[in-house]
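As you go down the protein sequences, you meet chains C and U in turn.
Counting in my numbering, the first sequence runs from 1 upward without gaps.
Counting in my numbering, the second sequence runs from 243 upward without gaps.
Protein chains: 2
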Amino acid sequence: MTGKLYVIGVGPGDPELLTLKALRILKEAKCICVPKGREEGSSLALSIVKKALSLGNKEIMEAHFPMKKTKNSNELPKGDKELDNKWAETVKNILSRLNKGIDVAFITIGDPAIYSTFFYLYDRLLELKPELNIEIIPGVSSINASAAKAKISLGLADEKIAILPANYIENLKATLEKFDTVVLMKVNKVFEGIMHTLTEMNLLNNAIYISRAGMEDGKVFKNINSVKEEDLNYFSMIIVKK
Amino acid sequence: MTGKLYVIGVGPGDPELLTLKALRILKEAKCICVPKGREEGSSLALSIVKKALSLGNKEIMEAHFPMKKTKNSNELPKGDKELDNKWAETVKNILSRLNKGIDVAFITIGDPAIYSTFFYLYDRLLELKPELNIEIIPGVSSINASAAKAKISLGLADEKIAILPANYIENLKATLEKFDTVVLMKVNKVFEGIMHTLTEMNLLNNAIYISRAGMEDGKVFKNINSVKEEDLNYFSMIIVKK
Chain C
1 MTGKLYVIGV GPGDPELLTL KALRILKEAK CICVPKGREE GSSLALSIVK
51 KALSLGNKEI MEAHFPMKKT KNSNELPKGD KELDNKWAET VKNILSRLNK
101 GIDVAFITIG DPAIYSTFFY LYDRLLELKP ELNIEIIPGV SSINASAAKA
151 KISLGLADEK IAILPANYIE NLKATLEKFD TVVLMKVNKV FEGIMHTLTE
201 MNLLNNAIYI SRAGMEDGKV FKNINSVKEE DLNYFSMIIV KK
Chain U
243 MTGKLYVIGV GPGDPELLTL KALRILKEAK CICVPKGREE GSSLALSIVK
293 KALSLGNKEI MEAHFPMKKT KNSNELPKGD KELDNKWAET VKNILSRLNK
343 GIDVAFITIG DPAIYSTFFY LYDRLLELKP ELNIEIIPGV SSINASAAKA
393 KISLGLADEK IAILPANYIE NLKATLEKFD TVVLMKVNKV FEGIMHTLTE
443 MNLLNNAIYI SRAGMEDGKV FKNINSVKEE DLNYFSMIIV KK
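(1) Tell me where the alpha helix (DSSP H) around residue 120 of chain C begins and ends.
(2) Taking Cβ-Cβ distances shorter than 8 Å, what residues in chain U pair up with residue 134 of chain C?
(3) Return the CA-CA distance between residue 212 of chain C and residue 235 of chain C, expressed in angstroms with no decimal places.
(4) Helix, strand or coil for residue 254 of chain U per DSSP?
(5) Roughly how many angstroms separate the alpha carbons of residue 369 of chain U and residue 56 of chain C, rounded to a whole number?
(6) Would residue 140 of chain C count as contacting chain U if we go by Cβ distances under 7 Å?
(7) Between residue 276 of chain U and residue 262 of chain U, which are expected to be in contact by the criterion C-beta below 8 Å, what is the C-beta distance as a whole number of angstroms?
(8) Can you name, in chain order, every residue of its own chain whose Cβ lies under 7 Å from the Cβ of residue 257 of chain U, other than the five neighbours on each side?
(9) Which residues of chain C have a Cβ atom closer than 8 Å to the Cβ of residue 258 of chain U, listed in chain order?
(10) Residues bridged to residue 46 of chain C by DSSP?
(11) Determine the direct distance from the alpha carbon of residue 118 of chain C to that of residue 145 of chain C, and round the result to whole angstroms.
(12) By DSSP, does residue 222 of chain C sit in helix, in strand, or in coil?
(13) Of all the CB atoms in chain C, is at least one closer than 7 Å to the CB of residue 277 of chain U?
(14) Helix, strand or coil for residue 86 of chain C? Go by DSSP, reduced to three states.
(15) Could you give the distance in angstroms between the alpha-carbon of residue 479 of chain U and the alpha-carbon of residue 391 of chain U?
(16) Residue range of the beta strand (DSSP E) that residue 241 of chain C falls in?
(17) Measure the Cβ-Cβ separation of residue 6 of chain C and residue 147 of chain C and say whether it is below 7 Å.
(18) Flag this pair as touching only if the region 406 to 416 of chain U and the region 429 to 447 of chain U have three or more C-beta atom pairs under 8 Å; answer yes or no.
(19) Using 8 Å for Cβ pairs, my map puts residue 109 of chain C next to residue 10 of chain C. What's the rounded Cβ distance?
(20) Could you round the C-beta distance between residue 274 of chain U and residue 303 of chain U to whole angstroms and report it? I think they count as a contact, below 8 Å.
(21) Where residue 96 of chain C and residue 462 of chain U are concerned, what is the direct C-alpha to C-alpha distance, given to the nearest angstrom?
(22) Can you say whether residue 400 of chain U is buried or exposed, counting buried as having 16 or more other CB atoms within 10 angstroms of its CB?
(23) When the Cα atoms are used, what is the spatial distance from residue 87 of chain C to residue 116 of chain C?
(24) Please check if any C-beta of chain C sits within less than 7 Å of the C-beta of residue 398 of chain U.
(25) Taking only beta-carbon positions, decide if residue 451 of chain U is within less than 7 Å of chain C.
(26) Given this structure, state the Cα-to-Cα distance separating residue 467 of chain U from residue 451 of chain U, to the nearest angstrom.
(27) Could you please give the first and the last residue of the uninterrupted alpha helix (DSSP H) stretch that includes residue 142 of chain C?
(28) Name, please, each residue of chain U whose Cβ falls closer than 9 Å to the Cβ of residue 171 of chain C.
(29) Among C:230, C:231, C:216 and C:242, whose alpha-carbon lies nearest the alpha-carbon of residue 17 of chain C?
(30) Give the single residue among C:121, C:114, C:26 and C:232 whose Cα lies nearest to the Cα of residue 84 of chain C.
(31) In chain U, which residues lie with their C-beta within 8 Å of the C-beta of residue 167 of chain C?
(32) Can you list, in chain order, the residues of its chain whose CB lies under 7 Å from that of residue 465 of chain U, leaving out five sequence neighbours each side?
(33) Quick one: grab the DSSP three-state call for residue 333 of chain U.
(34) Per DSSP, what kind of secondary structure is residue 3 of chain C in: helix, strand or coil?
(35) Tell me whether residue 211 of chain C sits in a helix, a strand or coil according to DSSP, three-state version.
(36) Going along the chain, which residues of its own chain have a beta-carbon closer than 6 Å to the beta-carbon of residue 406 of chain U, five neighbours each way excluded?
Here it is as structure tokens:
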């Protein structure tokens, strides 16, 4: 009997935004796998789980996610020996538990389908273990949490929604023209450029800035002009509604 | 002391996909408000809640949502006397509980920000009670649940995601050209037209059909050509990944 791999979205920060299913599986799992990369989300996932349940004598396994992306590529670099070794190690660690019949719960902030690094790992896991027993548990994404905090709808009836990671906003103007709602993710590093486009398109009054939506110190700025440098952070987004 | 209005996303169908927060508030609330419209989602929300907790002697208040939309408008029709009266009644019912100090939990399937009819009500509530005490509890949306069930990511790194309600797909081709992932909601009534466009664009192999993602009888069709008429239903979507 091999173990089962659970990929669990633990929500945007508030431990109460875990689902009942996530909590049950986390309580049952003997091994919790925590992604550890350079991005700030990695450590947050474990801190959410720690607030929701006692980790007792579970094994906490760190999975190293070496993210060395180039700006124009959304593929992980292949052929880089050092990175390849790190990935291989993570895959090996997960498979060794599964092969011993131990269930592994891989945790990820928000929802697994929304920009979670897990999917970089998935192909590599399947390659070595095509019969992998895996279940993905969806979670509350930061996008939904941000809209809830701002008390706005992302879409009603026939409205169209676009979600753009803000480090790649060259077509921002065209998207703002065609969609009813545009969600810009991870805006902290490109905030000025976005403000420029919003000003140009006369959309400043349609934009809301939400910082750390699912967390205790989360903030909503209905007046985006009032956002100061210290308000910018990795867990932030802009929602533009026309 | 006036009561507080909670708007609660109860997730896509599986009662275990309720959040801990949703469950706590639903247990505490004396009055649960259930939207009742012509769309099939209305009755589902209550059935999810019933599986997760005992409703005991809570008041279940039905909110009538008269949806008489025109095809080209995403606004609710105003000026229609009969519809206006129905809306006014729902608003009055909610406010009367709040004014007596009773908390009201308004439930909605999936996540409140994703096409929930609640937002039609919100403006009307604020008009009569500008100081309304309201909290929106985000939930797992059917979009995230569908991706989880299909074991796919909606976006990685710099990928762009578009969400289109399928009854308004005139720009489908342009969107499929420009976005990495396109989520088509409520495809049952326009399935043939979508298949036509996918065939034309040679994207049939990139499309997955997911039916009733969050429910026990949920199904994933990785080969979209195998979808039969009886597989089409209101709780369905197509995810196209390029």
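We put the CB at the ideal spot given by N, CA and C, even for glycine.
Just so it is clear, the structure is predicted and the values come from calculations on it, not from any experiment.
In terms of the structure at hand:
(1) Annotation: the continuous alpha helix (DSSP H) that includes residue 120 of chain C extends over 118 to 128.
(2) Per Cβ cutoff of 8 Å: 393.
(3) Those two C-alpha atoms are separated by around 5 Å.
(4) Coil, per DSSP.
(5) A direct Cα-Cα distance of roughly 51 Å separates residue 369 of chain U from residue 56 of chain C.
(6) For residue 140 of chain C, the closest Cβ of chain U is nearer than 7 Å.
(7) Their Cβ separation, rounded to whole angstroms, is 21 Å, which puts residue 276 of chain U and residue 262 of chain U out of contact at 8 Å.
(8) Excluding its 5 nearest sequence neighbours in each direction, residue 257 of chain U has C-beta neighbours in its own chain below 7 Å: 290, 293 and 294, listed in chain order.
(9) Near residue 258 of chain U (Cβ distances below 8 Å), the residues of chain C are 19, 20, 21 and 24.
(10) Answer is none; residue 46 of chain C lacks a bridge partner.
(11) Computed Cα separation, rounded: 21 Å.
(12) Residue 222 of chain C falls in the coil class under three-state DSSP.
(13) Not an interface residue.
(14) Looking at residue 86 of chain C - three-state DSSP - the assignment turns out to be helix.
(15) Looking at the two C-alpha atoms, the distance is approximately 12 Å.
(16) Per DSSP, residue 241 of chain C belongs to the beta strand (DSSP E) from 236 to 241.
(17) Residue 6 of chain C places its beta carbon 7 Å or farther from that of residue 147 of chain C.
(18) Because the criterion of three Cβ pairs below 8 Å is met, the region 406 to 416 of chain U and the region 429 to 447 of chain U touch.
(19) That pair is a contact at about 6 Å.
(20) Between the beta-carbon of residue 274 of chain U and that of residue 303 of chain U there is about 7 Å, and that keeps the pair under the 8 Å contact cut.
(21) Distance between the alpha carbons of residue 96 of chain C and residue 462 of chain U is about 29 Å.
(22) Residue 400 of chain U is buried by the Cβ-count criterion.
(23) About 15 Å.
(24) Yes - at least one Cβ of chain C is within 7 Å of the one on residue 398 of chain U.
(25) Answer no: the Cβ-Cβ gap between residue 451 of chain U and chain C never drops below 7 Å.
(26) Residue 467 of chain U and residue 451 of chain U: Cα-Cα distance of roughly 9 Å.
(27) Per DSSP, residue 142 of chain C belongs to the alpha helix (DSSP H) from 142 to 150.
(28) Residues of chain U passing the Cβ test: 402 and 420.
(29) For residue 17 of chain C, the closest of C:230, C:231, C:216 and C:242 by C-alpha to C-alpha distance is C:216.
(30) Of C:121, C:114, C:26 and C:232, the residue nearest in Cα terms is C:121.
(31) 400, listed in chain order.
(32) Excluding positions up to five away in sequence, the list is empty.
(33) In the structure shown, residue 333 of chain U sits in a helix (DSSP, three-state: H, G or I).
(34) Looking at residue 3 of chain C - three-state DSSP - the assignment turns out to be coil, as it is neither helix nor strand.
(35) Strand, per DSSP.
(36) These residues qualify, in order along the chain: 426.
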